[in-house]
Amino acid sequence: MAPRVVVMGLASDFGCQVQMTNIEDDLLDVLGLIDLSYWQLASSGHMPAEYDVAIIEGAVTTTEHVELLKRVRATAGVVMVIGACAVTGGIPAMAGQGDLEERYGCVYGADGAEVACGRVSPAPVKSVIDVDYEVPGCPMDTTEFLRVLSRALQGLANRVPEEPMCAICKTKENICFLDKGEICLGLFTRTGCGARCVTLGRPCTGCRGLAKDANVESAMKILAAKGFDVDEVAERLAVFNTLEEAFCR
Amino acid sequence: MTVANMFKEPGANPYRPWPARITSIIDLTEHEKLFELRIIDEKVREGFQFDSGQFVELSIFGVGEAPVSISSAPSKQGFIELCVRNAGDVTGALHAKKCGDVVGLRGPLGRGFPFAEMKGHDVLLVAGGLGIAPLKSLINHIHDDRHDFGTVTILYGARNPSEILFRYQFDMWKHRDDFNLILTVDEADESWSDEVGRVTALFDKIDIDPDNTYGAICGPPVMYRYVIDEMRKKDMDVDKIYMSFERRMKCGIGKCGHCGVGHQYACIDGPVFNYWEAMNLQEAI
Amino acid sequence: MFFRVMESSRLPDLVRGFAQDHEVIGPVAKDDRFVFATIDDPAELRLDYDTTLLPPKKLFFPAEDQLMRFRVADNEVLDDEVFAAPRVLFGVHPCDINALLLMDNIFLKDYVDPYYKARRDATLIVGISCVPSEECFCNAWGTDEAHWGFDIFLTDLGDRYFISVRSVKGAELLDDFVETREITDADTADFQRVTAERKEMFAEDLDTSQLPLLLDAKFDSPVWDALGERCLSCGACSMVCPTCYCFDVRDDLAPDQKTGTRSRLWDSCQFSEFSAVAHGQNFRDSRASRVKYRYYHKQWGYLSKFERVLCVGCGRCARACAANITPREVVSALAKGGFE
Ligand SMILES: Cc1cc2nc3c(=O)[nH]c(=O)nc-3n(C[C@H](O)[C@H](O)[C@H](O)COP(=O)(O)OP(=O)(O)OC[C@H]3O[C@@H](n4cnc5c(N)ncnc54)[C@H](O)[C@@H]3O)c2cc1C
Ligand code: SF4
Ligand code: SF4
Ligand code: SF4
Ligand code: SF4
Ligand code: FES
């Protein structure tokens with residue numbers, strides 16, 4: 001029997017689900033192998049009670065999310081998270097820094113904390129339940145999505161690259177941003193996207209999360225020695241990696 | 001022509017696996033199975049000559065490749081046996097295969113035990129856990145040429161009785177007087193009537209003639225140092241103690257660089273090294 | 001070997017001549033750096049380049065290289081052909097020519113690598129003399145000159161090129177496309193003068209005496225710990241190195257999961273996963289052990305087999321390393337037992 005798959009979103013801009021629609025042709029081939037029981041972005045129906053694979057986008061931001069995830073974990077044999085929000089907390093996680101009550105006050109007015117009741121500090125899915133497969137990135141890379149999905153269908157282990165971005169960047173013969181006097185987070189960020197941004201002429205923003213192999217301490221020292229403002233580096237890193245230190249290391 | 005040479009022929013592609021059919025699968029323990037494989041191409045199958053201690057790259061397309069020692073004896077032709085632990089992607093995919101399925105093989109690869117050199121001598125074989133896989137080939141080869149060897153001592157240890165591999169064969173061999181076989185486990189259960197304790201403790205129970213004995217060791221990396229210490233205490237020569245190293249391998253043919261041990265490559269310079277070589281090899285033991 | 005002299009103004013004719021039956025690949029500008037790329041117009045060629053971002057190895061052993069296509073159901077290879085069109089690699093420095101010879105030892109000996117071989121066989125090499133830059137230390141390994149490994153080699157004498165001809169194919173093509181003349185004593189004298197002047201341009205010599213023995217004798221040197229603290233494990237050094245040949249192998253399935261491709265990808269011994277095996281064991285767990293292995297392999301492991309070190313002193317790793325870990329620094333720190 002083809003595995004029953006559901007695709008759902010927590011807090012995100014649905015960017016990764018949109019990415020999924022961008023690979024229509026390939027997706028149709030994959031769809032031939034799976035039973036797509038529910039796709040939040042594309043279907044109007046309800047989540048079925050039973051399914052085998054749950055593909056989850058978005059960060060955890062409410063107690064409802066937490067409950068939902070617990071139910072999902074109890075139902076699905078395989079949980080796959082896609083996109084920076086779900087994998088590392090991504091941009092939503094930045095909002096979780098500092099005094100949450102006060103922030104809700106800013107966003108929702110004086111009685112904000114009450115309106116926003118049931119909110120939790122934004123966090124990646126892995127902070128709530130065990131995750132089997134990860135496709136990082138903002139938005140996720142479709143080739144990588146298909147590769148990970150294929151591994152999941154074959155029952156192979158989750159394998160997120162552990163090395164920083166620079167090696168693959170070198171194979172593209174990019175001229176290093178650091179040599180041009182611009183901050184690039186490639187030294188910190190896990191590879192796997194083919195250094196897409198750098199190759200397109202933008203420095204790496206760290207959207208794929210910290211590389212396990214990265215030497216953060218040394219990289220900071222090196223950037224400082226090269227005359228970069230380390231506070232700015234830290235700020236840029238925080239955009240996608242606020243919670244990385246805590247959850248990845 | 002042997003298969004190893006066929007790989008080296010002009011125009012041959014040493015990365016291209018030969019299709020091989022699984023002709024039998026035996027569950028050995030919870031994690032290990034014994035696979036019998038027949039290379040489908042007859043010419044290749046018949047040219048497949050190897051030494052104990054050599055390995056093959058097992059290839060499952062879509063998943064990848066993994067190096068696995070040949071467990072059967074070179075004296076048995078037409079098939080090979082692999083004793084495989086489910087340890088990850090490729091080995092897991094192999095475990096999911098059924099009899100009659102086709103997988104790929106590249107090999108035989110590497111340098112095995114010096115069987116010809118060992119002939120005419122006593123041998124002391126020490127295996128820990130899955131390390132019995134390559135030694136099983138050597139043991140059976142010696143068995144088939146038994147008259148060419150002096151005393152044959154086999155020490156084999158595992159964590160617990162359920163992890164002893166090939167127990168059906170060894171239980172029989174315990175009663176033979178041409179093999180001195182001692183089994184031991186770290187933790188015994190009620191079914192266990194053999195030794196309890198580390199394999200190194202068994203050295204008190206054996207007598208060897210140091211000038212005339214070849215040693216062969218295979219087991220988890222931590223085991224080597226201790227076993228070698230015991231062998232050296234018995235005055236065995238450094239260049240008569242052989243051991244097999246496990247390293248990460250991708251190509252098996254000295255190209256991908258993954259299997260480096262000190263200044264050597266385990267895939268082509270080993271995986272079997274003698275202790276003198278290993279002493280001169282950084283990162284070895 | 002025989003020699004010829006060609007007027008510098010003839011160079012475009014030579015390039016155009018080669019282009020008739022070959023793809024011509026040579027150094028071109030990329031911002032303020034250089035890369036090897038296909039030449040459509042001889043004017044694009046920048047024979048005054050210092051070094052390229054990636055070495056010529058990318059043309060023989062690409063960063064991502066499909067080995068075969070396969071079918072899953074019966075584990076069958078569908079296709080493992082290598083397509084290699086004839087080409088000329090025009091303007092290769094001595095270090096990179098020597099680097100290819102070092103690669104040949106790995107890919108063309110014992111188990112011949114058919115992918116590398118097909119591309120190597122289909123490629124003519126035209127060498128070009130160079131001016132050492134600050135990072136170059138090829139003189140330390142004797143790879144500052146190329147004696148073989150090229151079809152023809154052009155030494156720039158200003159108004160003319162002194163051409164060393166190594167192969168029949170090189171001689172034929174040279175004959176076919178440009179007018180050259182026999183060398184005179186004056187040409188040889190100029191050739192010697194240019195060579196001697198170039199020798200003077202190298203930064204101070206690197207002391208590599210007894211390096212392989214030092215690597216062993218000082219295997220536990222604290223120098224490695226210090227380098228390990230700095231190293232970013234980024235692998236940039238291996239990627240840009242003309243002599244690093246390590247690779248990983250990966251299978252990818254087509255979306256329908258029925259067929260797929262097996263490819264190899266450049267890998268680096270600086271990655272923690274490089275020597276990890278099953279059951280959580282890793283033979284080079286620390287950054288220090290990995291930085292050390294890079295040098296140990298290059299200056300001793302390879303040497304123990306092929307009697308040459310696996311470095312040609314091109315300086316690319318020094319340029320690429322954000323942590324500024326350079327062979328020059330490492331080798332002298334090891335010899336001195338510490339950093340200056
Ligand atoms: C010469 C030799 C002989 C051998 N003989 C035998 C034998 O007879 N029997 C036997 O069972 N085994 C044998 N082995 C061991 C066997 O090769 C390994 O168990 C096998 O390679 C595991 O491959 P796999 O694809 O199943 O596991 P993998 O999926 O490769 O994973 C195994 C483990 O390696 C690590 N790992 C691998 N890749 C990654 C990655 N990308 N990122 C992070 N971690 C990673 C992980 O810890 C993982 O759990 C031998 C090994 C050698 C070198
Ligand atoms: S541009 Fe960025 S990713 Fe590329 S090498 Fe430089 S720091 Fe690394
Ligand atoms: S080690 Fe560095 S200097 Fe030596 S060949 Fe490689 S890139 Fe060039
Ligand atoms: S082991 Fe390291 S230094 Fe040696 S060739 Fe491979 S990547 Fe380069
Ligand atoms: S380029 Fe430098 S920082 Fe990166 S792995 Fe190599 S030595 Fe380490
Ligand atoms: S396994 Fe590739 S070099 Fe040894």
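Residue numbers (this note's numbering), protein chains in the order written: chain A, 1 to 249; chain B, 1 to 285; chain C, 1 to 340.
Beta carbons are placed, not taken as given, at the ideal position from N, Cα and C, and that holds for glycine.
Contact belief for residue i with residue j at Cβ below 8 Å, rounded distance in angstroms
i: L237/A; j: G206/A; result: 6 Å
i: S137/B; j: S72/B; result: 6 Å
i: F162/C; j: V5/C; result: 6 Å
i: R264/C; j: L78/C; result: Not really, about 17 Å apart at Cβ, beyond 8 Å.
i: E135/C; j: P94/C; result: With a Cβ gap of about 15 Å, E135/C and P94/C do not count as contacting.
i: A84/C; j: A122/C; result: 4 Å
Contacts of residue i in chain D (Cβ-Cβ under 7 Å)
i: E76/C; result: In the structure shown, chain D cannot be found, because the protein chains are A, B and C.
Interface residues of chain B facing residue i [CB-CB closer than 7 Å]
i: W224/C; result: Those do not exist, as W224/C stays about 12 Å from chain B at its closest Cβ, beyond 7 Å.
Extent of the continuous beta strand (DSSP E) run through residue i
i: R16/B; result: Neither: R16/B is in no beta strand (DSSP E) and is coded neither H nor E.
i: I325/C; result: Here I325/C belongs to no beta strand (DSSP E), and DSSP marks it neither H nor E.
i: M80/A; result: V78 to I82
i: N139/C; result: No beta strand (DSSP E) holds N139/C; DSSP gives it neither H nor E.
i: L125/B; result: D122 to G128
i: R250/C; result: F247 to L253
i: V44/B; result: No beta strand (DSSP E) holds V44/B; the alpha helix (DSSP H) holding it covers E42 to G47.
i: A216/B; result: T213 to C218
C-alpha distance - residue i paired with residue j, whole-angstrom precision
i: C321/C; j: E283/B; result: 26 Å
i: V227/B; j: I241/B; result: 10 Å
i: S52/B; j: F271/C; result: 33 Å
i: V107/A; j: V120/A; result: Caution applies to V107/A, whose pLDDT of 44 falls short of 50 and renders its modelled position unreliable; the value that the coordinates give is listed next. So the alpha carbons of these two residues sit roughly 15 Å apart.
i: V60/A; j: A74/A; result: 17 Å
i: E50/A; j: I56/A; result: 15 Å
i: A246/A; j: L210/A; result: The predicted position of A246/A is uncertain, since its pLDDT is 46 and thus under 50; no value can be drawn from it.
i: V5/A; j: Y38/A; result: 7 Å
i: F7/B; j: P210/B; result: 39 Å
i: D190/C; j: N174/A; result: 39 Å
i: N5/B; j: L82/B; result: 22 Å
i: N86/B; j: G100/B; result: 19 Å
i: Y275/B; j: R232/B; result: 10 Å
i: A54/A; j: A254/C; result: 22 Å
9 Å Cβ cut-off: residues of chain A touching residue i
i: C231/C; result: N215 and S218
i: C244/C; result: Per Cβ cutoff of 9 Å: no residues; C244/C is ~11 Å from chain A at best.
i: S268/C; result: E163 and A167
Cross-chain neighbours of residue i in chain A, by beta carbon under 7 Å
i: M239/C; result: A167, K170 and T171
i: R33/C; result: I175
Partners in chain B for residue i, counting only beta-carbon separations shorter than 9 Å
i: A157/A; result: G88, D89 and G92
i: Q154/A; result: G62, V63, D89 and A93
Neighbour list for residue i in chain C, Cβ cutoff strictly below 8 Å
i: E162/A; result: F271, S272 and E273
i: D26/A; result: P255
Closer than 8 Å at the beta carbon, the chain A residues around residue i
i: K30/C; result: E173 and I175
i: R287/C; result: N215
Host alpha helix (DSSP H) of residue i (start-end)
i: F191/C; result: D185 to M201
i: L69/A; result: T63 to T75
i: M279/B; result: Y275 to M279
i: F170/B; result: R167 to W173
i: I142/B; result: I132 to D144
i: I228/B; result: M223 to K233
i: F60/C; result: K57 to F60
Chain-ordered neighbours of residue i on chain C, where CB pairs are closer than 7 Å
i: I222/A; result: A322 and A323
i: L146/A; result: P255
i: E283/B; result: F283
i: K136/B; result: Those within 7 Å of K136/B in chain C number zero; the least Cβ separation is about 19 Å.
Within chain C, partners of residue i - CB distance below 9 Å
i: V30/A; result: P255, D256 and Q257
i: R247/B; result: S275, V277 and F283
Proximal chain B residues relative to residue i, where beta-carbon distance stays under 8 Å
i: Q40/A; result: Under the 8 Å cutoff, chain B gives no residues; its nearest Cβ is about 30 Å from Q40/A.
- prompt: At a Cβ cut of 8 Å, what residues of the region 55-88 of chain B count as close to chain A, listed as they run along the chain?
  reply: G62, V63 and G88
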